[in-house]
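Asks: In this note's numbering, the protein residues as written are 130 to 315.
Even glycine gets a Cβ: it sits at the ideal position worked out from N, Cα and C.
Note that the structure is predicted; figures quoted are calculated from it, not measured.
Put into structure tokens, the structure is as follows:
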């Protein structure tokens, strides 16, 4: 988030398996905000499952849908937004996310993220991979620096329940807002 902005959105970034969607739903309920999952928005807009979209249009086509969807959501207030793990790959998305609200990076150890991600059948970037662990860690290594550079807050969810992560986000956001208001006043 940029200095001087008082936006009411919490934007969850992080790699696949970090808990963005599950935590986002709980956070929205506890904060009385709307929950928006960008992947679901893309599916609703294009009428295709993510795997089908990836197959038909490739990763670049998917990223175009993702950027377009983020632009459409960028003027909205009062939302908890769960982003796709690769949304940070495009500079235009990073710029937009910074303007939209408080960016919270959910992370975990590579092993835990991989275990969680492999439980889902909806991971197009890992589909058909001969060595999914190698692909997974190479994507993770590429993106972690981007997450770090974009985030206002960092939460390691490795050994926390979704409820604990939700509580930690609420505490950290309150502290962050207080500190931001204090710095803006001086």
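Please work out which residues of its chain come closer than 8 angstroms, Cβ to Cβ, to residue 175, disregarding the five sequence neighbours upstream and downstream, and give them in chain order.
Replies: If you number the chain shown from 1, residue 175 lands on position 46. Closer than 8 angstroms at Cβ, skipping near neighbours: 182, 194.
Asks: Assuming residue 270 contacts residue 236 (C-beta within less than 8 angstroms), just tell me the rounded distance between them.
Replies: As a first step, residue 270 is located in the chain shown; it is residue number 141 there, counting from the start. As a first step, residue 236 is located in the chain shown; it is residue number 107 there, counting from the start. With a Cβ gap of about 13 angstroms, residue 270 and residue 236 do not count as contacting.
Asks: Distance, Cα to Cα, residue 301 vs residue 244?
Replies: The residue you call residue 301 lines up with position 172 of the chain shown. The residue you call residue 244 lines up with position 115 of the chain shown. Computed Cα separation, rounded: 27 angstroms.
Asks: Considering only residues of the same chain and omitting the five flanking positions on each side of residue 210, which have a CB-CB separation below 6 angstroms?
Replies: By 1-based counting over the chain shown, the position of residue 210 is 81. Cβ neighbours of residue 210 beyond the five flanking positions: 140, 165.
Asks: Of all the alpha helix (DSSP H) runs that stay within the bounds of the segment 154-219, which reach a length of 4 or more residues?
Replies: 167-175, 179-202
Asks: Between the alpha carbons of residue 190 and residue 171, how many angstroms are there, rounded?
Replies: Taking the chain shown and counting its residues from 1, one reaches residue 190 at position 61. Taking the chain shown and counting its residues from 1, one reaches residue 171 at position 42. When rounded, the distance between both Cα atoms is 11 angstroms.
Asks: Please identify the residue among 221, 145, 296 whose C-alpha is closest to the C-alpha of residue 264.
Replies: Within the chain shown, numbered from 1, the residue matching residue 264 stands at position 135. Of the listed residues, the one whose Cα sits closest to residue 264 is 145.
Asks: Taking C-alpha atoms, which residue in 185, 239, 173, 233 lies nearest to residue 305?
Replies: As a position in the chain shown, residue 305 is number 176, starting the count at 1. When only C-alpha atoms are compared, the closest one is 233.
Asks: Using three-state DSSP, classify residue 288 as helix, strand or coil.
Replies: Here residue 288 corresponds to residue number 159 of the chain shown, with the count starting at 1. Residue 288: coil per DSSP, three-state reduction.
Asks: Decide if residue 204 is buried, meaning its Cβ has at least 16 other Cβ atoms within 10 Å, or exposed.
Replies: By one-based count along the chain shown, residue 204 stands at place 75. Exposed, since its Cβ has fewer than 16 Cβ neighbours within 10 Å.
Asks: Keeping to the same chain, check which residues put their C-beta closer than 8 angstroms to that of residue 70; ignore five residues upstream and five downstream.
Replies: It is not possible to answer for residue 70, since the shown part of the chain is limited to 130 through 315.
Asks: Thinking residue 291 and residue 148 are a contact (beta carbons under 8 angstroms), I'd like their distance in whole angstroms, please.
Replies: Within the chain shown, numbered from 1, the residue matching residue 291 stands at position 162. Within the chain shown, numbered from 1, the residue matching residue 148 stands at position 19. Contact flag correct, Cβ pair sits at about 6 angstroms.
Asks: May I have the straight-line CA-CA distance separating residue 309 from residue 228, to the nearest angstrom?
Replies: Here residue 309 refers to the residue found at position 180 when the chain shown is read from its first residue. Here residue 228 refers to the residue found at position 99 when the chain shown is read from its first residue. Straight-line Cα distance between these residues: approximately 15 angstroms.
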